[in-house]
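Chemist: Please read through the structure below; I'll follow up with questions.
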């Protein structure tokens, strides 16, 4: 039996520094040095624990940050693809590529859902609500709304587009299936409402955060959604208005005026020959064609308001057919035409339509040439020049007027017959008509107040908008009574400066008379205005009206750099400033108006008067945050 080991009083190695002597210590008798060492050891342990906690927390932050970064990048990639597909989908629907639109819509739904899935959950929710989380909140809002659109709106849009495909809407007898159009109206109503909600949610997110890539993505997506929303609304308005206007519930009859842009009027050109068209359950029939002489002088008592009377009262607008459309507001002209036809014939029509030779060229580009009774081919390539220039070389004398009008009526009949009888793509015809409407060359008015209210939301209306948006419009009326506007070049430069509630605007209108020095008939160069100064053949005279932003005031006007004379008026809430301008052949003249205008809301709106040669436009606005 071994002896017990000798105790030396050394600390137990398994106890570390926490050993205590075997004997007990009475409370309050611990030596101060030992107590200080014990407190120090406790503090050291707490620091170690805190350091470990901080390391763990830091690791979690890094992991969360890495998760947000990785999922955010993945979501950004999905959103970029979805945004590009929004644009592609809108283009495919506009082009009638419905098979492509269905494939794009399916892909867009997948991308949107993936992006939404990546940005949901507690991590994203918590991070988005922390200080500085605005970009994350924007991403979450975008992905949620795009996912919803992919599930709700896009399938409806593609379905509606399929049902509204013009090539399948047209029956074998040439009529349109109006029941199919009516059937998609509720679907489109729902899609428009859902798109509006999504746009409002994304618009409500901050435009400027500390993460520029998110700001850019938001701005880009809103732009593409706006384009898609415009397509949706256009289809919705068409589905609401078309069946009623095209005789779904009974025959509709319309006055159709052919405007000649060689002699400028507010809505485009001077009204010439006209027709009466009948529409019954989607089938069009032209009942008659008439020369302008039929209603050359036809007094009517249409009340178009004090502003109209003050501006145009001395121009016989209520009795002289060729002066009925001096105002660029098409509903005014339409009401006068309908009243004149009723006074002449006793018939009450349901609306009015205006077209010009450029519209006919777009349509003939789809149908192919029409053939006149003398065998002449009228095509997209020659109808504009022939009806607004060539016809005056073919019938140059004033005594040729009867033959000239008969020739133009022959063209109108041939082109109308070709369009109604074509077997070419209805889709292409609709697209050509849409192009003309977008250029204010194809205009429509309805006597039904509800239908007219719908039309006013489209480019078909030709109405001057009563809006708070910044506005710039140039309207030209030929005062000389000639056909020289075939050679007129126009440009408008609109510049706005300053960033306050009111801003300085400079509108510069440049006009050039490019009439040739020789070769024009006296009928083309005639001057019916009896100018009180010498003129030469080819010289022209124009009334140039500038339509400004509501609330604007003119500070000065210059003509070719010198103080000019202007006549102030108002129309539909817009200040209007009129300059009487002599425009000699081969010269350029410049009108410069300086105005102070309210800032308004939204982007500037522009009135583009349709003439033979397009308006050259430059808009330069101040960049203000």
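Residue numbers (my numbering): 10 to 634.
C-beta atoms are modelled at their ideal positions from N, C-alpha and C, and glycine is treated no differently.
Fair warning: this is a prediction, and the values are worked out from it, not measured in the lab.
Pick from 521, 261, 415 and 241: whose alpha carbon is nearest that of residue 501?
Modeler: The count along the chain shown starts at 1 and reaches residue 501 at position 492. Nearest C-alpha to residue 501: 521.
Chemist: If we call anything under 8 Å between Cβ atoms a contact, is residue 438 one with residue 375?
Modeler: As a first step, residue 438 is located in the chain shown; it is residue number 429 there, counting from the start. As a first step, residue 375 is located in the chain shown; it is residue number 366 there, counting from the start. In contact: residue 438 and residue 375 (Cβ atoms closer than 8 Å).
Chemist: Check whether the Cβ atoms of residue 553 and residue 588 lie closer than 8 Å to each other.
Modeler: Counted from its first residue, the chain shown places residue 553 at position 544. Counted from its first residue, the chain shown places residue 588 at position 579. Taking 8 Å as the Cβ cut-off, residue 553 and residue 588 qualify as a contacting pair.
Chemist: Mind checking whether residue 586 and residue 577 have CB atoms under 8 Å apart?
Modeler: One-based indexing of the chain shown puts residue 586 at position 577. One-based indexing of the chain shown puts residue 577 at position 568. Yes, Cβ-Cβ distance for residue 586 and residue 577 is below 8 Å.
Chemist: Closest by CA to residue 608, which one among 562, 617 and 175?
Modeler: Taking the chain shown and counting its residues from 1, one reaches residue 608 at position 599. That would be 562, whose Cα lies nearest to the Cα of residue 608.
Chemist: Kindly indicate the opening and closing residues of the alpha helix (DSSP H) around residue 411.
Modeler: Position 402 of the chain shown, counting from 1, holds the residue named residue 411. Residues 410 to 430.
Chemist: Is it right to say residue 271 is buried, meaning 16 or more other beta carbons lie within 10 angstroms of its own, or is it exposed?
Modeler: The residue given as residue 271 occupies position 262 in the chain shown. That one is buried.
Chemist: Roughly how many angstroms lie between the CA atoms of residue 555 and residue 482, to the nearest whole one?
Modeler: Position 546 of the chain shown, counted from the start, is the residue given in the question as residue 555. Position 473 of the chain shown, counted from the start, is the residue given in the question as residue 482. Rounded to whole angstroms, residue 555 to residue 482 spans 6 Å at the Cα level.
Chemist: Would you say the region 359 to 367 touches the region 403 to 418, given that touching needs at least three Cβ pairs under 8 Å?
Modeler: In short, these stretches do not touch, since the Cβ pair count stays below three.
Chemist: Pull up the CB-CB distance for residue 503 and residue 304, whole angstroms please, since I reckon it's below 8 Å.
Modeler: Reading the chain shown from its first residue, position 494 is the one you call residue 503. Reading the chain shown from its first residue, position 295 is the one you call residue 304. That belief does not hold up - the Cβ atoms of residue 503 and residue 304 are roughly 38 Å apart, past 8 Å.
Chemist: From residue 475 to residue 449, what does the alpha carbon distance come to, in whole angstroms?
Modeler: By one-based count along the chain shown, residue 475 stands at place 466. By one-based count along the chain shown, residue 449 stands at place 440. C-alpha separation (whole angstroms): 17 Å.
Chemist: Rounded to the nearest angstrom, how far is the Cβ of residue 496 from that of residue 540, given a contact under 8 Å?
Modeler: Start at 1 with the first residue of the chain shown, and residue 496 comes out as number 487. Start at 1 with the first residue of the chain shown, and residue 540 comes out as number 531. Rounded, the Cβ-Cβ distance is 19 Å, inconsistent with contact.
Chemist: Return yes when the Cβ of residue 486 is within less than 8 Å of the Cβ of residue 275, no when it is not.
Modeler: Taking the first residue of the chain shown as 1, we reach residue 275 at position 266. Taking the first residue of the chain shown as 1, we reach residue 486 at position 477. For residue 275 and residue 486, yes; Cβs fall inside 8 Å.
Chemist: Write down the C-beta distance between residue 569 and residue 488 rounded to the nearest angstrom, noting that I regard them as a contact closer than 8 Å.
Modeler: Position 560 of the chain shown holds residue 569. Position 479 of the chain shown holds residue 488. The pair is not a contact, with the Cβ atoms about 19 Å apart (cut-off 8 Å).
Chemist: What do you get for residue 256, buried or exposed, if any count of 16 or more other CB atoms within 10 angstroms of its CB means buried?
Modeler: As a working note, residue 256 is residue 247 in the chain shown. Buried, by the Cβ-count rule.
Chemist: Determine the extent of the beta strand (DSSP E) in which residue 518 is found, giving its start and end residues.
Modeler: The residue labelled residue 518 in the question sits at position 509 within the chain shown. 511 to 522 is the span of the beta strand (DSSP E), which, as asked, contains residue 518.
Chemist: Is it buried or exposed for residue 125, if we count other Cβ within 10 angstroms and need 16 for buried?
Modeler: Translated into positions along the chain shown, residue 125 becomes position 116. Under this definition residue 125 is a buried residue.
Chemist: Looking at the structure shown, is residue 214 part of a helix, part of a strand, or coil, going by DSSP?
Modeler: The residue you call residue 214 lines up with position 205 of the chain shown. Note: residue 214 maps to coil in three-state DSSP.
Chemist: Whole angstroms are fine: how far does the CA of residue 148 sit from the CA of residue 350?
Modeler: What you label residue 350 is simply residue 341 of the chain shown in a count that begins at 1. What you label residue 148 is simply residue 139 of the chain shown in a count that begins at 1. Looking at the two C-alpha atoms, the distance is approximately 59 Å.
Chemist: Give, in chain order, every unbroken run of the alpha helix (DSSP H) that is at least 4 residues long and sits entirely within the region 107 to 148.
Modeler: With a minimum length of 4 residues, the continuous alpha helix (DSSP H) runs that stay inside the region 107 to 148 are 107 to 127 and 131 to 137.
Chemist: Rounded to whole angstroms, what is the Cα-Cα separation between residue 591 and residue 514?
Modeler: By 1-based counting over the chain shown, the position of residue 591 is 582. By 1-based counting over the chain shown, the position of residue 514 is 505. Rounded to the nearest angstrom, the two C-alpha atoms are 25 Å apart.
Chemist: Rounded to the nearest angstrom, how far is the Cβ of residue 316 from that of residue 579, given a contact under 8 Å?
Modeler: As a working mapping, residue 316 is identified with position 307 in the chain shown. As a working mapping, residue 579 is identified with position 570 in the chain shown. Right, the Cβ-Cβ distance comes to about 5 Å (below 8 Å), so this counts as a contact.
Chemist: Which value, in whole angstroms, describes the spacing of the CA atoms of residue 424 and residue 387?
Modeler: Residue 424 sits at position 415 when you count from the first residue of the chain shown. Residue 387 sits at position 378 when you count from the first residue of the chain shown. In a straight line, the C-alpha of residue 424 is about 8 Å away from that of residue 387.
Chemist: Could you check if residue 574 is buried or exposed, using at least 16 other CB atoms within 10 Å of its CB as the buried criterion?
Modeler: Within the chain shown, numbered from 1, the residue matching residue 574 stands at position 565. Result: exposed.
Chemist: Assess contact between the region 189 to 208 and the region 144 to 164, defined as three or more Cβ pairs (one per stretch) separated by less than 8 Å. Is contact present?
Modeler: Touching, per the Cβ criterion.
Chemist: Determine the burial state of residue 170: buried for a count of at least 16 other Cβ atoms within 10 Å of its Cβ, exposed for fewer.
Modeler: Locating residue 170 in the chain shown gives position 161, counting from the first residue. Per the 10 Å Cβ criterion, buried.
Chemist: With burial defined as no fewer than 16 other Cβ atoms inside 10 Å of the residue's Cβ, what is the status of residue 306: buried or exposed?
Modeler: By 1-based counting over the chain shown, the position of residue 306 is 297. Looking at its Cβ environment, which holds fewer than 16 other Cβ atoms inside 10 Å, residue 306 is exposed.
Chemist: If you pair each beta-carbon of the region 227 to 239 with each one of the region 327 to 344, do three or more pairs fall below 8 Å?
Modeler: Short answer: they don't touch.
Chemist: Report the three-state DSSP secondary structure of residue 190 (helix, strand or coil).
Modeler: Translated into positions along the chain shown, residue 190 becomes position 181. Residue 190 falls in the helix class under three-state DSSP.
Chemist: Tell me, please, whether the CB atom of residue 617 is closer than 8 Å to any CB atom in chain C?
Modeler: No chain C is present in this structure, which holds just one protein chain.
Chemist: Drop a sphere of 10 angstroms on the beta-carbon of residue 28, count the other beta-carbons inside from all chains shown, and report buried for 16 or more, exposed for fewer.
Modeler: Here residue 28 corresponds to residue number 19 of the chain shown, with the count starting at 1. In this prediction, residue 28 has a pLDDT of 41, which is less than 50 and means its spatial position is unreliable; nothing more can be read from the coordinates.
Chemist: Going by the DSSP bridge assignment, what does residue 650 pair with across the sheet?
Modeler: For residue 650 there is no data in the structure shown, the boundaries of the chain being 10 and 634.
Chemist: Just to confirm the assignment: which complete beta strand (DSSP E) runs, minimum length 3, are found wholly within the region 324 to 386?
Modeler: Counting whole runs of 3 or more residues, the region 324 to 386 contains the beta strand (DSSP E) stretches 360 to 364.
Chemist: Please classify residue 219 as buried or exposed, where buried requires at least 16 neighbouring CB atoms within 10 angstroms.
Modeler: As a working mapping, residue 219 is identified with position 210 in the chain shown. Exposed, since its Cβ has fewer than 16 Cβ neighbours within 10 Å.
Chemist: Between residue 248 and residue 167, is the Cβ-Cβ spacing less than 8 Å?
Modeler: In the chain shown, the residue the question calls residue 248 occupies position 239. In the chain shown, the residue the question calls residue 167 occupies position 158. No, they are not a contact pair.
Chemist: Using only the alpha-carbon positions, how far apart do residue 369 and residue 398 sit?
Modeler: Locating residue 369 in the chain shown gives position 360, where the first residue counts as 1. Locating residue 398 in the chain shown gives position 389, where the first residue counts as 1. C-alpha separation (whole angstroms): 15 Å.
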